[in-house]
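Residue numbers (UniProt numbering): 1 to 346.
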């Protein structure tokens with residue numbers, strides 16, 4: 001868009017009509033008495049060289065904008081071809097764009113980072129994160145906090161590196177907490193698009209992993225908390241039954257793999273609440289087969305609860321290659337922070 005505006009501005013300024021009406025010849029010389037000044041029109045008079053009274057001494061005029069508010073230089077309402085008025089409007093757009101680009105300060109972003117930076121590490125850690133969110137007037141479990149972490153491209157919970165913090169503020173065009181708050185509606189709209197939500201959803205899995213522990217699968221407790229958070233704005237029909245299934249069958253689930261996490265979004269988008277369109281012949285994770293069997297059996301019995309996983313089936317726990325990870329059972333009321341940003345992992 002910026003290139004298009006610049007091109008329109010340049011084309012309008014350099015057109016023969018515009019140059020003629022602004023007192024410029026096609027070759028660039030000033031017009032005087034129908035002749036180019038460079039061809040015998042003579043030097044400009046002192047009055048013509050006088051500085052503009054409406055501009056401070058020592059300042060340069062804005063590029064492409066007439067330097068004096070003279071009726072002969074500014075286009076009037078009765079301009080016939082409209083070339084000048086178009087040029088002025090386009091130039092205004094360029095100036096507005098430039099102001100938007102400069103509406104935040106790199107120095108103020110750096111100062112804000114230092115305000116929350118840990119005393120011993122060049123990053124915002126748990127204490128600084130808690131103060132940061134408090135100044136933003138948001139809670140750790142708010143969806144917008146997860147969206148903010150996605151915008152900052154945070155690699156892990158409870159931590160913003162200097163690069164992540166500064167880069168996120170640049171992306172938001174904000175250099176203080178008040179400015180960040182004003183960007184929240186825009187950020188929320190951004191993550192509601194299908195493509196961006198899918199990106200946010202996949203980001204959430206990595207965000208929930210404990211890098212220090214070398215986790216490659218989410219503990220069930222953490223996965224449940226993050227599913228609730230990432231779907232808090234528009235929960236799919238099967239979400240509540242899926243989470244209940246995970247909570248009621250902890251013995252058979254060691255963790256939630258990346259494949260299971262990613263495929264659940266597809267499941268939620270393609271399978272209706274009655275599960276009638278689910279087919280075991282499709283390439284679903286085996287845990288989904290167990291969930292559907294559990295749910296259909298529950299409905300047949302007409303009971304509110306379920307049973308154990310059919311055949312003692314589990315999710316495989318580790319990464320997609322089946323690493324043997326430490327067993328992590330689903331528990332209720334654990335310490336995991338649903339957002340994982342404001343508090344340490346349990």
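The C-beta atom is built at its ideal place from N, Cα and C for all residues, glycine as well.
Neighbour-count burial assignment, residue 255, 16 or more Cβ in a 10 Å radius: Numbered from its first residue, the chain shown carries residue 255 at position 255. By the 10 Å Cβ count, residue 255 comes out buried.
Identify the continuous alpha helix (DSSP H) that holds residue 289 and give its terminal residues. On the chain shown, position 289 is the one that residue 289 refers to. Where residue 289 is concerned, the enclosing alpha helix (DSSP H) stretches over 286-301.
Member of 169, 120, 228 and 178 whose CA lies at the smallest distance from the CA of residue 138: Counted from its first residue, the chain shown places residue 138 at position 138. The candidate whose alpha carbon is nearest that of residue 138 is 178.
Assuming residue 162 contacts residue 172 under a Cβ cut-off of 8 Å, what Cβ separation, rounded to an integer in Å, is found between them? Translated into positions along the chain shown, residue 162 becomes position 162. Translated into positions along the chain shown, residue 172 becomes position 172. Actually they do not touch by this definition, with Cβ atoms about 16 Å apart.
Among 232, 156, 169 and 167, whose alpha-carbon lies nearest the alpha-carbon of residue 191? As a working note, residue 191 is residue 191 in the chain shown. Cα-wise, what sits closest to residue 191 is 232.
So, using beta-carbon positions, are residue 154 and residue 164 closer together than 7 Å? On the chain shown, position 154 is the one that residue 154 refers to. On the chain shown, position 164 is the one that residue 164 refers to. Cβ distance < 7 Å, so residue 154 and residue 164 count as in contact.
Nearest by alpha-carbon distance to residue 237: which of 284, 268, 281 and 146 is it? Start at 1 with the first residue of the chain shown, and residue 237 comes out as number 237. It is 268 whose Cα lies nearest to the Cα of residue 237.
C-alpha gap between residue 278 and residue 221, whole angstroms: What you label residue 278 is simply residue 278 of the chain shown in a count that begins at 1. What you label residue 221 is simply residue 221 of the chain shown in a count that begins at 1. Rounded to the nearest angstrom, the two C-alpha atoms are 26 Å apart.
Using a Cβ-Cβ cut-off of 7 Å (strictly less than) and excluding sequence neighbours within five positions of residue 103, which residues of its own chain qualify? Walking along the chain shown from the start, residue 103 turns up at place 103. Within the same chain, Cβ atoms closer than 7 Å to the Cβ of residue 103 are found at 173, the five residues on either side in sequence being excluded.
My output table needs one value for residue 231: the three-state DSSP class, helix, strand or coil. Within the chain shown, the letter at position 231 stands for residue 231. Correct three-state label for residue 231: coil.
Determine whether the beta carbon atoms of residue 290 and residue 257 lie at a separation below 7 Å. Residue 290 sits at position 290 when you count from the first residue of the chain shown. Residue 257 sits at position 257 when you count from the first residue of the chain shown. No; because the gap between Cβ atoms is not below 7 Å, this pair is not in contact.
Near residue 151, which residues of its chain fall below 7 Å by C-beta distance, leaving aside the five closest residues on each side in sequence? Here residue 151 refers to the residue found at position 151 when the chain shown is read from its first residue. For residue 151, where only same-chain residues beyond five positions count, the Cβ hits under 7 Å are 168, 171, 172 and 187.
Distance, Cα to Cα, residue 270 vs residue 264? As a working note, residue 270 is residue 270 in the chain shown. As a working note, residue 264 is residue 264 in the chain shown. One C-alpha to the other measures close to 10 Å.
In the DSSP output, what is residue 161 paired with across the bridge? In the chain shown, the residue the question calls residue 161 occupies position 161. 123, per the DSSP bridge assignment.
Considering only C-alpha positions, which residue in the set 198, 119 and 118 is nearest to residue 147? Here residue 147 corresponds to residue number 147 of the chain shown, with the count starting at 1. Among 198, 119 and 118, the Cα nearest to that of residue 147 belongs to 198.
Straight-line CA distance for residue 227 to residue 145? Against the chain shown, residue 227 aligns to sequence position 227. Against the chain shown, residue 145 aligns to sequence position 145. Approximately 14 Å between the Cα atoms of the pair.
How would you call residue 114, buried or exposed, if buried means at least 16 neighbouring beta carbons within 10 angstroms? Looking up residue 114 in the chain shown gives position 114. Its Cβ having fewer than 16 others within 10 Å, residue 114 is exposed.
Just how far apart, CA to CA, sit residue 242 and residue 248? Counted from its first residue, the chain shown places residue 242 at position 242. Counted from its first residue, the chain shown places residue 248 at position 248. Residue 242 and residue 248: Cα-Cα distance of roughly 10 Å.
Whole-angstrom Cβ separation of residue 176 and residue 131, contact assumed at under 8 Å? Reading the chain shown from its first residue, position 176 is the one you call residue 176. Reading the chain shown from its first residue, position 131 is the one you call residue 131. Here residue 176 is actually not in contact with residue 131; their C-beta atoms are around 14 Å apart, not less than 8 Å.
Quick check: the Cα distance between residue 300 and residue 262, rounded to an integer number of angstroms? Here residue 300 corresponds to residue number 300 of the chain shown, with the count starting at 1. Here residue 262 corresponds to residue number 262 of the chain shown, with the count starting at 1. Rounded to whole angstroms, residue 300 to residue 262 spans 29 Å at the Cα level.
DSSP state of residue 145 mapped onto helix, strand, coil: One-based indexing of the chain shown puts residue 145 at position 145. In the structure shown, residue 145 sits in a helix (DSSP, three-state: H, G or I).
Let me check understanding here. Comparing Cα to Cα, which of 284, 260 and 117 lies closest to residue 166? For the purposes of this step, residue 166 is taken as the residue at position 166 of the chain shown. Check the Cα spacing between residue 166 and each of 284, 260 and 117: the tightest is with 117.
Per the DSSP calculation, residue 256 is bridged to which residue(s)? Here residue 256 corresponds to residue number 256 of the chain shown, with the count starting at 1. 218, per the DSSP bridge assignment.
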